[in-house]
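Student: If you read the protein sequences in the order shown, they are chains Y and Z.
Residue 79, in this note's numbering, is where the first sequence stops; the numbers in between run on with no holes.
Residue 861, in this note's numbering, is where the second sequence stops; the numbers in between run on with no holes.
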Amino acid sequence: MKELLETIARSLVDYPDEVRVNEVESDKTIILELSVAKEDMGKVIGKQGRIAKAIRTVIKAAAIKENVRVVVEIVQ
Amino acid sequence: MGKVLEMTGKTVEEAVNSALEELGADRESVDVEVIDEGAKGLFGIGSKSAKVRVTLIESQTEDGVQFLSSVFEKMKVEVDIDKIEDEESIQLKVTGRDSGIIIGRRGETLDALQYLTSLVVNRKNENYKRVTIDIENYRKKREETLIKLAERLAERVIKYRRNVSLEPMNPYERRIIHSTLQNNDYVETYSVGEDPNRKVVITLRQGGGRK
Numbered sequence: 004m005k006e007l008l009e010t011i012a013r014s015l016v017d018y019p020d021e022v023r024v025n026e027v028e029s030d031k032t033i034i035l036e037l038s039v040a041k042e043d044m045g046k047v048i049g050k051q052g053r054i055a056k057a058i059r060t061v062i063k064a065a066a067i068k069e070n071v072r073v074v075v076e077i078v079q
Numbered sequence: 651m652g653k654v655l656e657m658t659g660k661t662v663e664e665a666v667n668s669a670l671e672e673l674g675a676d677r678e679s680v681d682v683e684v685i686d687e688g689a690k691g692l693f694g695i696g697s698k699s700a701k702v703r704v705t706l707i708e709s710q711t712e713d714g715v716q717f718l719s720s721v722f723e724k725m726k727v728e729v730d731i732d733k734i735e736d737e738e739s740i741q742l743k744v745t746g747r748d749s750g751i752i753i754g755r756r757g758e759t760l761d762a763l764q765y766l767t768s769l770v771v772n773r774k775n776e777n778y779k780r781v782t783i784d785i786e787n788y789r790k791k792r793e794e795t796l797i798k799l800a801e802r803l804a805e806r807v808i809k810y811r812r813n814v815s816l817e818p819m820n821p822y823e824r825r826i827i828h829s830t831l832q833n834n835d836y837v838e839t840y841s842v843g844e845d846p847n848r849k850v851v852i853t854l855r856q857g858g859g860r861k
């Protein structure tokens with residue numbers, strides 16, 4: 004799940020080396036904290052959060068397949 | 651400059667094939683340079699491995715296929731991706747067992763994947779290409795379903811003389827409804843609401859039909 008998010012984020016940004024995903028597990032939920040270079044924030048959020056929403060949709064599909072609950076948070 | 655990989659194998663062909671597998675590319679999307687032809691030797695004596703250098707040709711289509719196949723790999727779904735491309739557009743056709751998961755509810759996941767792939771394809775290019783992804787003919791089947799639905803609901807509007815609103819749809823699906831009924835003499839269509847809850851309403855044509 005973490006790797007999937009990294010793959011997607013790295014393909015969208017200008018500074019792929021600065022993509023970090025931190026995985027926090029709590030109960031039955033996995034929280035994925037995504038951070039990217041400051042200049043790349045727009046590239047993973049998009050207008051009205053459209054890109055972030057698409058990323059979450061894909062992660063959610065993968066989560067359903069593996070029977071887990073995953074939350075994606077974009078952090079500074 | 652595309653990805654470069656050096657690979658050895660018993661024969662040139664074997665080396666190329668394992669490089670292609672590693673890159674997740676097909677033969678047309680790479681340049682192959684033979685570094686060492688290799689030698690069979692006699693009874694295994696004096697045999698030498700073949701060595702090739704394989705360079706991935708960078709193209710927008712390749713970027714898209716690469717992105718999509720790495721996403722599928724990380725999602726652990728096994729699928730094949732075929733591509734059809736022209737000047738303005740790239741169509742990716744996905745076939746495989748796990749298609750339900752990558753289509754999602756009302757094609758939601760498929761649309762998300764299509765949007766993200768389109769961003770990757772058009773990221774550094776001024777030459778905009780429209781990307782469509784279809785999985786197991788989902789889009790074609792969905793289009794047929796929507797056309798039938800539009801026609802059936804139009805009949806209901808005419809029969810009961812009452813408006814019918816459809817479930818929320820994306821712009822592409824709404825367009826299918828609009829264009830199915832645009833030549834209907836008795837009903838007309840419009841959209842209400844804001845995305846993602848925007849939906850089509852079918853209503854009686856003003857004046858009770860046109861000639």
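All C-beta atoms, glycine included, are put in the ideal place defined by N, C-alpha and C.
Note that the structure is predicted; figures quoted are calculated from it, not measured.
Any idea if E708/Z is buried or exposed, counting beta-carbon neighbours within 10 angstroms, 16 or more meaning buried?
Tutor: Within the second sequence, the letter at position 58 stands for residue 708/Z. Exposed, by the Cβ-count rule.
Student: On the DSSP bridge assignment, give the partners of V73/Y in chain order.
Tutor: On the first sequence, residue 73/Y is found 70 positions in, with the first residue counted as 1. DSSP lists I33/Y as partners of V73/Y.
Student: So that I know if they touch, is there some Cβ in chain Z lying closer than 9 Å to that of A2/Y?
Tutor: Look at the range of chain Y in this structure, 4 to 79, and you will see that residue 2/Y is not part of it.
Student: Please give me, in chain order, every unbroken run of the alpha helix (DSSP H) with length at least 4 that falls completely inside the region 770 to 839 of chain Z.
Tutor: Counting only runs of 4 or more, we get 788 to 810 and 821 to 831.
Student: What's the gap between the Cα of V781/Z and the Cα of N834/Z?
Tutor: Taking the first residue of the second sequence as 1, we reach residue 781/Z at position 131. Taking the first residue of the second sequence as 1, we reach residue 834/Z at position 184. So the alpha carbons of these two residues sit roughly 31 Å apart.
Student: My parser needs the beta strand (DSSP E) runs of 3 or more residues fully inside the region 669 to 724 of chain Z; what are they?
Tutor: Entirely contained in the region 669 to 724 of chain Z, the beta strand (DSSP E) runs reaching 3 residues are, in chain order, 680 to 686 and 700 to 706.
Student: I need the DSSP call for T10/Y, collapsed to helix, strand or coil.
Tutor: One-based indexing of the first sequence puts residue 10/Y at position 7. In the structure shown, T10/Y sits in a helix (DSSP, three-state: H, G or I).
Student: Does chain Y have any CB closer than 9 Å to the CB of I751/Z?
Tutor: Position 101 of the second sequence, counted from the start, is the residue given in the question as residue 751/Z. True, the Cβ-Cβ gap to chain Y drops below 9 Å.
Student: Does D732/Z come out as helix, strand or coil in the three-state DSSP assignment?
Tutor: As a first step, residue 732/Z must be located in the second sequence, where it is residue number 82. Note: D732/Z maps to strand in three-state DSSP.
Student: Mind pulling the chain Y residues with CB within less than 7 Å of A762/Z?
Tutor: Residue 762/Z sits at position 112 when you count from the first residue of the second sequence. What A762/Z touches in chain Y: A57, T60 and V61.
Student: Residue ranges of each beta strand (DSSP E) run of no fewer than 3 residues wholly in the region 16 to 69 of chain Y, ordered along the chain?
Tutor: Listed in chain order, they are 23 to 29 and 32 to 38.
Student: Applying the criterion that 16 or more other CB atoms from any shown protein chain within 10 Å of the CB defines a buried residue, is E712/Z buried or exposed?
Tutor: Locating residue 712/Z in the second sequence gives position 62, where the first residue counts as 1. Its Cβ being crowded by 16 or more others within 10 Å, E712/Z is buried.
Student: Below 9 Å between beta carbons: does that hold for A64/Y and I852/Z?
Tutor: In the first sequence, residue 64/Y corresponds to position 61, counting from 1. In the second sequence, residue 852/Z corresponds to position 202, counting from 1. No, Cβ-Cβ distance for A64/Y and I852/Z is not below 9 Å.
Student: Looking at the unbroken beta strand (DSSP E) that takes in G750/Z, where does it start and where does it end?
Tutor: On the second sequence, position 100 is the one that residue 750/Z refers to. Segment S749 to I753 is the alpha helix (DSSP H) holding G750/Z; no beta strand (DSSP E) there.
Student: Can you say whether E801/Z is buried or exposed, counting buried as having 16 or more other CB atoms within 10 angstroms of its CB?
Tutor: Your numbering for residue 801/Z matches position 151 in the second sequence. Exposed is the call here.
Student: Between S709/Z and chain Y, is any beta-carbon pair separated by less than 9 Å?
Tutor: Here residue 709/Z corresponds to residue number 59 of the second sequence, with the count starting at 1. Cβ-Cβ to chain Y under 9 Å: no for S709/Z.
Student: At the level of alpha carbons, what is the spacing between I685/Z and L8/Y?
Tutor: What you label residue 685/Z is simply residue 35 of the second sequence in a count that begins at 1. What you label residue 8/Y is simply residue 5 of the first sequence in a count that begins at 1. Cα to Cα, the separation comes out at about 37 Å.
Student: What residues in the region 836 to 852 of chain Z have a beta carbon less than 7 Å from any beta carbon of chain Y?
Tutor: Under the 7 Å Cβ criterion, the region 836 to 852 of chain Z contributes no residue.
Student: Counting only beta-carbon atoms, is E76/Y nearer than 9 Å to chain Z?
Tutor: Here the question's residue 76/Y lines up with position 73 in the first sequence. So, not an interface residue.
Student: Do you know whose CA, among S14/Y, R23/Y, D17/Y and L15/Y, lies nearest K5/Y's CA?
Tutor: One-based indexing of the first sequence puts residue 5/Y at position 2. Considering only alpha carbons, the answer is R23/Y.
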